[in-house]
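> First the structure, then my questions, so here it is.
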């Protein structure tokens, strides 16, 4: 329990960021690849939707304009929700600063895994089923959580930045330092960052393979075990905060009036 609490708690270390980042990269890869088999759209990153919005505006295809706009708004809303939850927890000095948004991701994944087939038929104002908005919102929450957790050092829902940083470190590693170059002027690869980016890329790929195979052979319920893993990771910090959270809930509970300071004992 102590190790799990450190993995998702508010005190961050290089190791805890790396391990949690790898797990969430696997999760994003699985949801992204599996979701594509369901809705034929990749929802873990917004680059394609932004391009779709621009192309569709020029071509006059308003259905695709609405679809791209809906995904973009859902992803942005997810990131904004994370910011609200994290800042709320930080102001109250909770251990579950980052566990709260991860718990939300776990709950949404359970909804997707258990009733995802139903959400395919829920109409929305954005010309896409509710499934697309749900997946986009979920990935927005996750990406913002990892971004704030790692001080913008780690991304897990899209690999463009990861591949770029990996390429930079590989270029440094392959760079030939001329004989006689002072040690402080030599180009050296950061081995820690190199291993981090390589592991994130590998976990996203493995997660994508697992997600595609899982959705193909099992269906929506494949994401339920992934949701349970996130749920288990989220619980230890929440358990540590149980007394504070219970006190907060009592303070805001309707019908519970504060004691009258003017009344006689």
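Residue numbers (this note's numbering): 102 to 366.
Ideal Cβ positions, reconstructed from N, Cα and C, are used throughout, including at glycine.
(1) Excluding sequence positions up to five away, which residues of its chain have a Cβ less than 8 angstroms from the Cβ of residue 361?
(2) If you follow the alpha helix (DSSP H) that residue 192 is part of, which residue opens it and which one closes it?
(3) The alpha helix (DSSP H) that contains residue 243, what's its start and end?
(4) Residue 126: which of 114, 197, 248 sits nearest, CA to CA?
(5) Provide the residue span of the alpha helix (DSSP H) that contains residue 294, from first to last.
(6) Given a threshold of 16 other Cβ atoms within 10 Å of its Cβ, counted over all protein chains shown, does residue 237 qualify as buried or as exposed?
(7) I'd like to check one pair, residue 242 with residue 187: are the Cβ atoms closer than 7 angstroms?
(8) Compute the Euclidean distance between the alpha carbons of residue 286 and residue 269, then round it to the nearest angstrom.
(9) When we look at the beta-carbon of residue 370 and count the other beta-carbons within 10 Å, is it buried (16 or more) or exposed?
(10) Go ahead and label residue 263 buried or exposed: buried means 16 or more other beta carbons lie within 10 angstroms of its beta carbon, across all protein chains shown.
(11) CA-CA distance, residue 173 and residue 265?
(12) Which residues in the same chain as residue 364 place their Cβ atom closer than 8 angstroms to its Cβ, once the five residues preceding and following it in sequence are excluded?
(13) I need the DSSP call for residue 202, collapsed to helix, strand or coil.
(14) What does the alpha-carbon distance come out to for the pair residue 111 and residue 162?
(15) Grouping DSSP H, G and I as helix and E and B as strand, with all else coil, what is residue 258?
(16) Determine the direct distance from the alpha carbon of residue 267 to that of residue 299, and round the result to whole angstroms.
(17) Would you kindly check if the distance between the Cβ of residue 227 and the Cβ of residue 168 is under 7 angstroms?
(18) Helix, strand or coil, according to DSSP, for residue 227 in the structure here?
(19) Please classify residue 312 as buried or exposed, where buried requires at least 16 neighbouring CB atoms within 10 angstroms.
(20) Rounded to a whole number of angstroms, what is the C-alpha to C-alpha distance between residue 121 and residue 271?
(21) Would you decide whether residue 310 is buried or exposed? Buried here means 16 or more other CB atoms lie within 10 Å of its CB.
(22) I need the DSSP call for residue 115, collapsed to helix, strand or coil.
(23) Whose CA, out of 224, 189, 212, 276, lies closest to the CA of residue 290?
(24) Consult DSSP for residue 133 and reduce its assignment to one of helix, strand or coil.
(25) Pull up the CB-CB distance for residue 261 and residue 129, whole angstroms please, since I reckon it's below 8 angstroms.
According to the data block:
(1) In this prediction, residue 361 has a pLDDT of 48, which is less than 50 and means its spatial position is unreliable; nothing more can be read from the coordinates.
(2) 163-192
(3) Element bounds for residue 243: 231-250.
(4) 248
(5) 292-318
(6) Residue 237 is buried by the Cβ-count criterion.
(7) no
(8) Separation of residue 286 and residue 269 (C-alpha to C-alpha, rounded to the nearest whole angstrom) is 17 angstroms.
(9) Examination of residue 370 is not possible in this model, given that the chain is present from 102 through 366 alone.
(10) buried
(11) 23 angstroms
(12) Unreliable positioning characterises residue 364 in this predicted model, as indicated by a pLDDT of 42, which lies under 50. The coordinate reading is nonetheless provided below. Once the five neighbours on either side are set aside, residue 364 has no close Cβ partner at all.
(13) helix
(14) 45 angstroms
(15) coil
(16) 7 angstroms
(17) yes
(18) Coil at residue 227, not helix or strand.
(19) buried
(20) Distance between the alpha carbons of residue 121 and residue 271: 24 angstroms.
(21) Residue 310 comes out exposed.
(22) helix
(23) 276
(24) Helix, per DSSP.
(25) 13 angstroms between Cβ atoms; not a contact.
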